[in-house]
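Residues in the sequence shown are numbered consecutively from 6, following the numbering used here.
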Amino acid sequence: MAAPPSSPVVLITGSSHGGIGYSLCEAFAAKGCTVYASARRLETISSFSHPSIRPLIMDVTSDISVHKAVEQIIEEAGRVDIVVANAGVPCHGPVLDVSIEDAQKALDTNVLGVLRLAQAVFPYMASRKRGTFITIGSVMGYTTSPWAGMYAATKAAAHAITETLQMEARALSPNIRVMLVVTGGVKYASSIAFTSIVPG
Numbered sequence: 006m007a008a009p010p011s012s013p014v015v016l017i018t019g020s021s022h023g024g025i026g027y028s029l030c031e032a033f034a035a036k037g038c039t040v041y042a043s044a045r046r047l048e049t050i051s052s053f054s055h056p057s058i059r060p061l062i063m064d065v066t067s068d069i070s071v072h073k074a075v076e077q078i079i080e081e082a083g084r085v086d087i088v089v090a091n092a093g094v095p096c097h098g099p100v101l102d103v104s105i106e107d108a109q110k111a112l113d114t115n116v117l118g119v120l121r122l123a124q125a126v127f128p129y130m131a132s133r134k135r136g137t138f139i140t141i142g143s144v145m146g147y148t149t150s151p152w153a154g155m156y157a158a159t160k161a162a163a164h165a166i167t168e169t170l171q172m173e174a175r176a177l178s179p180n181i182r183v184m185l186v187v188t189g190g191v192k193y194a195s196s197i198a199f200t201s202i203v204p205g
């Protein structure tokens with residue numbers, strides 16, 4: 006069923022309970038939006054209080070999963086007005102000790118996840134000549150510290166992709182907006198779990 010014109014259709018990745026995405030879903034829904042809350046596992050997105058929030062399975066590390074999820078939104082709602090690229094994973098530890106496997110996972114999620122999402126939704130935004138794409142970045146994309154080098158690298162790359170996309174989107178339509186939201190320190194489920202295992 007297509008969403009009414011007065012209800013913006015919003016897609017938010019990384020919407021699992023306890024994080025930024027979850028709170029954004031609740032906030033957009035409270036403003037009257039139809040919200041697609043996506044995550045890899047259904048059980049992490051099943052406790053929303055607003056009936057206008059629709060759980061959606063999406064793995065941003067999979068081309069097929071991202072395109073399938075976006076196509077489902079278009080089929081059900083008829084459009085997507087606002088997309089928030091929020092999905093991300095931590096990658097902590099000294100640069101010399103971070104495993105290549107963990108580094109690849111962080112790059113695939115935090116960097117290529119943004120790229121996959123943009124490539125999946127922009128054709129629809131371009132056809133309507135309107136839409137908003139938002140990347141949730143981090144202050145770590147502009148600075149770094151010990152134990153955070155790899156994570157900072159992924160955020161710096163995501164910032165660069167978003168800022169370039171902002172310039173390139175102008176050629177498609179002045180009504181297609183690309184935004185970068187830079188967050189500071191945020192207490193969320195995985196950060197609390199990480200803190201609990203760090204000595205001291």
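All residues carry an ideal CB built from backbone N, CA and C; glycine is no exception.
Starting from the C-beta of residue i, find all residues in its chain whose C-beta is less than 7 Å away, skip the five residues before and the five after it, and write them out in chain order.
| i | result |
| --- | --- |
| V100 | G154, M155 |
| V65 | T18, V71, A92, T114, G118, R121, L122 |
| L47 | P60, I62 |
| V103 | C96, M155 |
| R133 | R84 |
| S52 | H22 |
| F33 | V15, V40 |
Quick one: what does DSSP say residue i is sitting in, helix, strand or coil?
| i | result |
| --- | --- |
| A7 | coil |
| T39 | strand |
| T49 | helix |
| V15 | strand |
| S201 | With a pLDDT of 33 at S201, under the threshold of 50, the modelled position of that residue is not reliable, and the figure given next carries that caveat. Note: S201 maps to helix in three-state DSSP. |
| V75 | helix |
| D153 | First, the amino acid is wrong: residue 153 is Ala here, not Asp. Three-state DSSP puts A153 in coil, outside helix and strand. |
| A44 | strand |
| L177 | coil |
| L101 | coil |
| G146 | helix |
| C96 | coil |
| H55 | coil |
| G83 | coil |
| H164 | helix |
| T66 | coil |
| G24 | coil |
Between which two residues does the alpha helix (DSSP H) harbouring residue i extend?
| i | result |
| --- | --- |
| S143 | Note, S143: premise wrong, no alpha helix (DSSP H); beta strand (DSSP E) at 136 to 143. |
| L185 | No alpha helix (DSSP H) holds L185; the beta strand (DSSP E) holding it covers 181 to 188. |
| V119 | 117 to 133 |
State the start and end residues of the unbroken beta strand (DSSP E) segment that holds residue i.
| i | result |
| --- | --- |
| P60 | 58 to 62 |
| A90 | 87 to 90 |
Could you give the C-beta distance for residue i and residue j, rounded to a whole number, given that I count them as a contact under 8 Å?
| i | j | result |
| --- | --- | --- |
| A90 | T140 | 5 Å |
| R121 | V71 | 5 Å |
| V183 | A174 | 5 Å |
| V126 | V88 | 5 Å |
Going along the chain, which residues of its own chain have a beta-carbon closer than 6 Å to the beta-carbon of residue i, five neighbours each way excluded?
| i | result |
| --- | --- |
| S143 | K160, T188 |
| T49 | S21, H22 |
| A157 | M145, T149 |
| G26 | I17, G19, S20, N91 |
| A44 | S20, S21, I50 |
Starting from the C-beta of residue i, find all residues in its chain whose C-beta is less than 8 Å away, skip the five residues before and the five after it, and write them out in chain order.
| i | result |
| --- | --- |
| N180 | K134, R135, G136 |
| P151 | P99 |
| I79 | V85, Y129 |
Answer yes or no: does any C-beta atom of chain D fall closer than 8 Å to that of residue i?
| i | result |
| --- | --- |
| N115 | Absent from the structure: chain D. Only one protein chain is present. |
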